[in-house]
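Remarks on the structure that follows.
Residue numbers (the UniProt record's numbering): 1 to 334.
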């Protein structure tokens, strides 16, 4: 049941990313979501049994699913890393192709030494007492642990440095990463307990696996799905703020261009009426030109100067109330 819910969450995230991020240049997070969704689907018992039967019935589907999960987390980590300027060397090293390739090679080698038998939907429960199986799972989740821990570092920092609604996706990603770290630690503890015959410890930790798995994917999916909605809301708010400032500046701009005609008078089509940013920029430039031109007389009062400075700050992105977050711009962000 948990596997089905997680797979459903992942495919819902894929759908939202394909709709809202289709124009993005970098598709790391989209690729990650698709890859992880396939991996989680293979963990659904009915799908796993069918897929493994097609592959010979020796649990090869487990290796494929885990390799896809690791690859998906690699893309996910790369996508999160690209959403901000903070990219510590350790994080770059962890979320790198050499580390992924080495980890995939290691789990493949360990997998080949497992006495796998026939298809089982309880792979580690049935085979976890074998040292190669324990090594396989520990390597797998150790890689997941370090990548998710890197994501936690980046998301928590983004949360601390964000304001207002921008903190929502970062907060959700931070929670999802924290649950993910706990999930990986729980699995590694169970693996060690199983292979060392500490079954009481394994059974004590085992009930946490399902809730931690669901919470991890729930918050991560929510965080990545919310990012485009937040960005659109901020873009809309900024557009309204830009239009309002342009309207407020219009009387001052008319006075400025009446004594010092600018490009707007020479070419009325220079700025599209639908381009609020361009209109506001043109007004600011022509007002400033009139203010510094000593050949004309153009007086302003403190209220008008303050309004002009607010408009300039807004265009420069210093207007925190209406600025658009760029934390997700590089990716398909999150």
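Built from N, CA and C at the ideal position, the CB exists for glycine as well.
Residue i, enclosing alpha helix (DSSP H) - first and last residue
{"i": "residue 70", "result": "60 to 81"}
{"i": "residue 55", "result": "Taken as a continuous stretch (DSSP letters only), residue 55 belongs to no alpha helix (DSSP H), as it is neither H nor E."}
{"i": "residue 260", "result": "It is not in any alpha helix (DSSP H) - residue 260 carries neither H nor E in the DSSP assignment."}
{"i": "residue 28", "result": "28 to 42"}
{"i": "residue 8", "result": "2 to 20"}
{"i": "residue 158", "result": "131 to 160"}
{"i": "residue 299", "result": "Note, residue 299: premise wrong, no alpha helix (DSSP H); not H, not E."}
{"i": "residue 192", "result": "167 to 195"}
{"i": "residue 103", "result": "97 to 112"}
{"i": "residue 126", "result": "123 to 127"}
Proximity of residue i and residue j at Cβ, strictly below 8 Å
{"i": "residue 70", "j": "residue 140", "result": "yes"}
{"i": "residue 214", "j": "residue 64", "result": "no"}
{"i": "residue 210", "j": "residue 176", "result": "no"}
{"i": "residue 145", "j": "residue 219", "result": "no"}
{"i": "residue 293", "j": "residue 260", "result": "yes"}
{"i": "residue 253", "j": "residue 286", "result": "yes"}
{"i": "residue 90", "j": "residue 151", "result": "no"}
{"i": "residue 81", "j": "residue 13", "result": "no"}
{"i": "residue 142", "j": "residue 114", "result": "no"}
{"i": "residue 9", "j": "residue 221", "result": "yes"}
{"i": "residue 134", "j": "residue 200", "result": "no"}
{"i": "residue 126", "j": "residue 195", "result": "no"}
Whole-angstrom C-beta distance between residue j and residue i, which should lie under 8 Å
{"i": "residue 43", "j": "residue 119", "result": "Incorrect: roughly 14 Å between the Cβ atoms, too far for contact."}
{"i": "residue 16", "j": "residue 225", "result": "5 Å"}
{"i": "residue 179", "j": "residue 170", "result": "Contact flag wrong, Cβ pair sits at about 15 Å."}
{"i": "residue 186", "j": "residue 168", "result": "The Cβ separation is near 27 Å, so there is no contact."}
{"i": "residue 132", "j": "residue 110", "result": "5 Å"}
{"i": "residue 148", "j": "residue 73", "result": "7 Å"}
{"i": "residue 248", "j": "residue 183", "result": "At roughly 52 Å, the Cβ-Cβ gap does not stay under 8 Å, so residue 248 and residue 183 are not in contact."}
Any non-hydrogen atom of the ligand MN within 7 Å of residue i CB
{"i": "residue 287", "result": "For the ligand MN, the structure offers nothing, since it holds no ligand at all."}
Any 3 or more C-beta pairs closer than 8 Å across the region 231 to 245 and the region 31 to 40: Counting Cβ pairs under 8 Å, fewer than three are found: no touch.
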